[in-house]
Amino acid sequence: MSRRVAITGIGAITPLGVGTDALIDRWSAGESGIEEGLGACADFDPEEFLTRKETRRADRFTQFALVACQEAIEQAGWKDGPPVDAGRVGCIIGTGIGGIGTIETQDEALRERGADAVSPLAVPLLMANAASGVVAMSHGLKGQCYGTVSACAAGAHAIGAGMRMVQYGDAEACIVGGAEAGLTPLAKAAFANMGATSESGISRPFDARRDGFIMGEGAGALVLEPEEAAKERGAEVLGYLTGYGATADAHHLTAPETSGDGASRAIEAALADAGLSPDEIDYVNAHGTSTPLNDASETRALKSALGKRAGELPISSLKSVTGHLLGAAGAVEAAATVLCLQRGVAPPTVGWEERDEDCDLDYVPEGARSLEADGRPLRAISNSFGFGGHNAVLCLEAA
Amino acid sequence: MAAATKEQIEERMTEALVSFGAERDDVKRDADWESLDVDSLDLVELAQIVEEEYGVKMKEEDMKEMKTVGDAVDFVAERADQ
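Line order of the protein sequences matches chains A and B. All residue numbers for the first sequence refer to our numbering, where the first residue is 321 and numbers rise by one. All residue numbers for the second sequence refer to our numbering, where the first residue is 32 and numbers rise by one.
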C-alpha cells in the first residue's frame with residue numbers, strides 16, 4: 321500500500337538569502353541574487369547557526385545542508401527530536417561534487433607542505449555523503465541514510481528516493497535535500513573550459529541570447545511524512561509530493577538528447593505516478609539552466625510530454641535569479657515550487673526578453689503571476705536534469 | 032628552531048584546542064580529552080601542529096598515553112628542547 325506523502329518542513333540557503341522567505345519573496349519580486357556572474361550565498365555565516373566544532377568539521381556544502389535542514393526541521397516542529405522512532409527516520413541528501421573546496425585546499429597542502437600536512441579531516445569533509453551523515457548525526461536520525469550523486473539532478477533524486485521510502489513504509493519520515501558549494505577555482509575553471517558556463521556572466525534561461533549557466537551554491541531541504549501521521553500529530557501540511565519519475569538519456573556525457581526524449585519520459589512517468597493528466601498541472605518549475613542545449617531540449621520535452629497544455633502553462637526558472645545550484649538545484653527548486661503553490665504564484669523568469677524559435681513557450685517574463693485552479697488544489701512539476709543524462713521530475717501539490 | 036618555553040607550548044596547544052571547538056575556559060592542564068570533546072581526528076591535527084611548529088613527532092602510541100592537556104604539553108616540552 322502506498323501512503324500519501326506530506327511536506328511538513330522546508331528549508332533553503334540560496335544566493336537570494338538565508339531561509340525560504342528570502343527565496344520566495346525575492347524571486348517573486350523579480351530580484352536577483354547573482355552578483356558579478358556568480359550566485360554566491362554571500363550573507364551566509366555558518367557560525368550564526370552552527371557551533372565552532374560543527375563548522376570546522378563540515379565542508380561548505382555540508383554547512384549549507386545542516387542549516388537548510390535545521391530550518392525545515394524546526395518548521396516541522398521537530399526541534400526536540402523526531403516525533404517517531406528515530407530508527408525509522410531517513411535522511412537523503414544529494415550533491416553534484418561534494419566537498420570540492422576541501423579537495424582543493426588539501427591538494428594545495430599536499431603539494432606545498434607534503435603528505436604529512438594533509439588534514440585528517442580531509443576525507444570526512446570531502447566525501448559526497450558527508451551532508452547526509454552529518455545531518456543525521458546532528459538530529460539523531462537513525463533510519464536509512466545516504467547521498468545521491470547525479471550531478472544537477474541529485475537533489476531531485478534524493479527527494480524522489482525519500483518519497484518512496486515514506487510511501488512504502490521503509491521509514492516513518494525522511495529528511496531530503498541537496499547541497500552544493502562549488503564556487504571554487506578548480507570547479508569554476510572546469511565548467512568554463514567545457515563551455516557550460518556563461519561568458520557574458522548573465523543567467524537568462526530560455527532567452528535567445530543565453531550562453532551558458534551561472535554557477536551558484538546553496539542547499540534545499542524538505543521534511544517528508546505520511547499525511548495521516550502528520551495530521552494526527554497536528555503538524556501543518558505545507559504541500560504534498562504526489563509523483564516522481566526518473567530516466568536516463570543514455571546519450572552523451574554532458575549534452576541532453578536533442579529531442580528531449582529522456583526528459584519527456586521522466587515528466588510522463590512523474591505524471592503517471594501521480595495519476596495526473598497534463599491538464600491537471602498548473603505550473604512548471606523548469607530546470608531552465610540558460611545553456612543553449614538544455615533550454616531547447618527541455619522545451620521540446622515539455623511539449624512532447626504535456627502536449628497542448630505545454631503552451632498554456634506558466635513555466636519559469638529559478639536559475640534566472642540564483643544561477644545553477646548544481647546538486648542542490650533540484651531540492652531548492654522543489655522547495656521553491658511548494659512555496660509557489662502555497663502562495664498561488666508563478667514567479668518570473670527574470671531577464672527573459674528575446675524569443676528563441678526553439679524556446680517558444682510561456683516563461684513568465686513580465687513578473688510574478690497568480691496561479692488559479694478552479695477550486696481544486698494547485699499542482700506543479702519540478703524538472704531536474706544532470707550531466708550524465710540523469711532526469712528526475714517531481715509532482716507537487718498545494719495543501 | 033628556537034626553543035619554546037612550556038608556557039608558550041601550552042598557549043599554542045590551547046589555541047589549537049579552542050580552534051577545534053573546545054571552550055577556552057575548559058582547557059586546563061588537568062582537563063581530559065573527553066571533557067573537551069577532543070577525539071582521535073583532533074589529536075591527529077594537534078600532532079600535525081606540534082610537529083610543524085616544534086619538530087616533535089607525536090605517534091599514535093604516544094597519544095594513547097596522553098590523557099590530559101598537561102600530558103600532551105609535557106610530552107612536547109620535554110622533546111622540544113632536545
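Glycine included, each C-beta is placed from N, C-alpha and C at the ideal position.
Would A:P366 pass as an interface residue toward chain B - the criterion being a Cβ-Cβ separation below 9 angstroms? The residue given as residue 366 of chain A occupies position 46 in the first sequence. Chain B, which has no Cβ nearer than 9 angstroms to the Cβ of A:P366, makes this no.
If distances are taken between C-alpha atoms only, which option among A:I701, A:E686, A:A719 and A:D682 comes closest to A:G695? The residue you call residue 695 of chain A lines up with position 375 of the first sequence. Ranking A:I701, A:E686, A:A719 and A:D682 by Cα distance to A:G695 puts A:A719 first.
What does B:G52 touch in chain A if you count any residue whose Cβ is under 9 angstroms from its own? Residue 52 of chain B sits at position 21 when you count from the first residue of the second sequence. Going along chain A in sequence order, the residues near B:G52 (Cβ under 9 angstroms) are T371, R372, K373, E374, T375, R376 and R377.
Any beta carbon of chain B sitting closer than 9 angstroms to that of A:D427? Against the first sequence, residue 427 of chain A aligns to sequence position 107. Not an interface residue.
Residue from A:T422, A:M483 and A:E391 whose Cα sits closest to the Cα of A:G410: On the first sequence, residue 410 of chain A is found 90 positions in, with the first residue counted as 1. The option with the nearest alpha carbon to A:G410 is A:M483.
Jot down the residue ranges of each uninterrupted alpha helix (DSSP H) in the region 546 to 624 of chain A, minimum 4 residues, whole runs only, in chain order. Segments of the alpha helix (DSSP H) lying fully in the region 546 to 624 of chain A: 547 to 552 and 581 to 594.
Span separating the alpha-carbon of A:G337 from that of A:E394: On the first sequence, residue 337 of chain A is found 17 positions in, with the first residue counted as 1. On the first sequence, residue 394 of chain A is found 74 positions in, with the first residue counted as 1. Those two C-alpha atoms are separated by around 18 angstroms.
Quick one: complete alpha helix (DSSP H) runs, 4+ long, within the region 335 to 411 of chain A? At a cut-off of 4 residues, the continuous stretches assigned as alpha helix (DSSP H) that sit fully inside the region 335 to 411 of chain A are 340 to 348, 372 to 376 and 380 to 395.
Do you know how far the Cα of A:T574 is from the Cα of A:N513? Translated into the one-based positions of the first sequence, residue 513 of chain A becomes position 193. Translated into the one-based positions of the first sequence, residue 574 of chain A becomes position 254. C-alpha separation (whole angstroms): 13 angstroms.
Indicate whether at least one CB of chain B lies closer than 9 angstroms to the CB of A:A583. Taking the first residue of the first sequence as position 1, residue 583 of chain A is located at position 263. No, A:A583 lies away from the interface with chain B (no Cβ there is under 9 angstroms from its Cβ).
Can you tell me whether A:M535 is helix, strand or coil according to DSSP? The residue you call residue 535 of chain A lines up with position 215 of the first sequence. Reduced to three states, the DSSP call for A:M535 is strand.
For A:V641 versus A:S352, is the C-beta spacing smaller than 9 angstroms? If you number the first sequence from 1, residue 641 of chain A lands on position 321. If you number the first sequence from 1, residue 352 of chain A lands on position 32. For A:V641 and A:S352, yes; Cβs fall inside 9 angstroms.
Give a yes or no on whether the C-beta atoms belonging to A:G414 and A:G498 are separated by under 9 angstroms. Residue 414 of chain A sits at position 94 when you count from the first residue of the first sequence. Residue 498 of chain A sits at position 178 when you count from the first residue of the first sequence. A:G414 places its beta carbon less than 9 angstroms from that of A:G498.
Are the region 356 to 371 of chain A and the region 535 to 544 of chain A touching by the rule of at least three beta carbon pairs closer than 8 angstroms? yes
Nonlocal neighbours in the same chain, by C-beta distance under 6 angstroms from A:T611, ignoring five residues either side: Taking the first residue of the first sequence as 1, we reach residue 611 of chain A at position 291. Correct list, in chain order: G532 and F533.
What residue range is occupied by the uninterrupted alpha helix (DSSP H) comprising B:Y85? Taking the first residue of the second sequence as 1, we reach residue 85 of chain B at position 54. S71 to Y85 is the extent of the alpha helix (DSSP H) around B:Y85.
Confirm, please, whether the CB-CB distance from A:D593 to A:T567 is below 9 angstroms. Numbered from 1 along the first sequence, position 247 holds the residue referred to as residue 567 of chain A. Numbered from 1 along the first sequence, position 273 holds the residue referred to as residue 593 of chain A. No; because the gap between Cβ atoms is not below 9 angstroms, this pair is not in contact.
Among residues of its own chain, excluding the 5 on either side of A:S702, which ones have a beta-carbon nearer than 6 angstroms to its beta-carbon? Taking the first residue of the first sequence as 1, we reach residue 702 of chain A at position 382. The residues are N605, E653, A654, T657 and L714.
Range covered by the beta strand (DSSP E) that runs through A:H710: Looking up residue 710 of chain A in the first sequence gives position 390. Run containing A:H710: H710 to A718, per the beta strand (DSSP E) assignment.
Could you list the residues in the region 434 to 464 of chain A with a C-beta less than 8 angstroms from some C-beta on chain B, going in chain order? Of all residues in the region 434 to 464 of chain A, only D436, A437, S439, P440, L441 and P444 place a beta-carbon less than 8 angstroms from a beta-carbon of chain B.
Checking the sheet assignment: what are the DSSP bridge partners for A:V496? As a first step, residue 496 of chain A must be located in the first sequence, where it is residue number 176. Answer is A:I412 and A:L542, bridged to A:V496.
A:I417 and A:A388 - do their beta-carbons sit closer together than 9 angstroms? To locate residue 388 of chain A, count along the first sequence from 1; it is residue 68. To locate residue 417 of chain A, count along the first sequence from 1; it is residue 97. It is not a contact, given that the beta carbons lie outside the stated cut-off.
Rounded to the nearest angstrom, what separates A:R408 and A:C494 at their Cα positions? The count along the first sequence starts at 1 and reaches residue 408 of chain A at position 88. The count along the first sequence starts at 1 and reaches residue 494 of chain A at position 174. In a straight line, the C-alpha of A:R408 is about 9 angstroms away from that of A:C494.
For A:D400, does the count of other Cβ atoms within 10 angstroms reach 16, so buried, or fall short, so exposed? If you number the first sequence from 1, residue 400 of chain A lands on position 80. Label assigned to A:D400: exposed.
Could you check whether the Cβ of B:V75 sits closer than 9 angstroms to any Cβ belonging to chain A? Residue mapping note: residue 75 of chain B aligns to position 44 of the second sequence, counting from 1. For B:V75, the answer is yes, since a Cβ of chain A falls inside 9 angstroms of its Cβ.
Using only CA atoms, which one of B:K88, B:E96, B:A111 and B:V81 lies nearest to B:T45? One-based indexing of the second sequence puts residue 45 of chain B at position 14. That would be B:V81, whose Cα lies nearest to the Cα of B:T45.
Give a yes or no on whether 9 angstroms exceeds the smallest Cβ distance from B:E82 to chain A. Start at 1 with the first residue of the second sequence, and residue 82 of chain B comes out as number 51. Closer than 9 angstroms to some Cβ of chain A, the Cβ of B:E82 qualifies, so yes.
Whole alpha helix (DSSP H) elements within the region 496 to 525 of chain A, 4-residue minimum: 505 to 513
DSSP on A:R675, reduced to helix/strand/coil? For this step, residue 675 of chain A is matched to residue 355 along the first sequence. Here A:R675 sits in strand by DSSP.
Spatially closest choice to A:S579 from A:S624, A:A481 and A:D602, by CA coordinates: Working through the first sequence from its first residue, we reach residue 579 of chain A at position 259. Of the listed residues, the one whose Cα sits closest to A:S579 is A:S624.
Reduced DSSP secondary structure (H/G/I, E/B, other) of A:R323: Indexing the first sequence from 1 puts residue 323 of chain A at position 3. Coil at A:R323, not helix or strand.
Under the DSSP definition of a beta bridge, which residues are partnered with A:C465? Residue numbering aside, residue 465 of chain A sits at position 145 when the first sequence is read from its first letter. Note: A:C465 sits in a beta bridge opposite A:C411.
Which bits of chain A does B:D57 rub up against, with CB to CB less than 7 angstroms? On the second sequence, position 26 is the one that residue 57 of chain B refers to. What B:D57 touches in chain A: nothing, since even the nearest Cβ is about 13 angstroms away.
Strictly below 7 angstroms CB to CB, what residues from chain C border B:D93? Absent from the structure: chain C. Protein chains present are A and B.
Note down, in chain order, every chain A residue with its Cβ under 7 angstroms from the Cβ of B:D63. To locate residue 63 of chain B, count along the second sequence from 1; it is residue 32. The contacting residues do not exist; B:D63 stays about 17 angstroms from chain A at best.
Quick check on the burial criterion: 16 or more other C-beta atoms within 10 angstroms. Buried or exposed for B:E54? In the second sequence, counting from the first residue as 1, residue 54 of chain B sits at position 23. With fewer than 16 Cβ atoms within 10 Å of its Cβ, B:E54 is classed as exposed.
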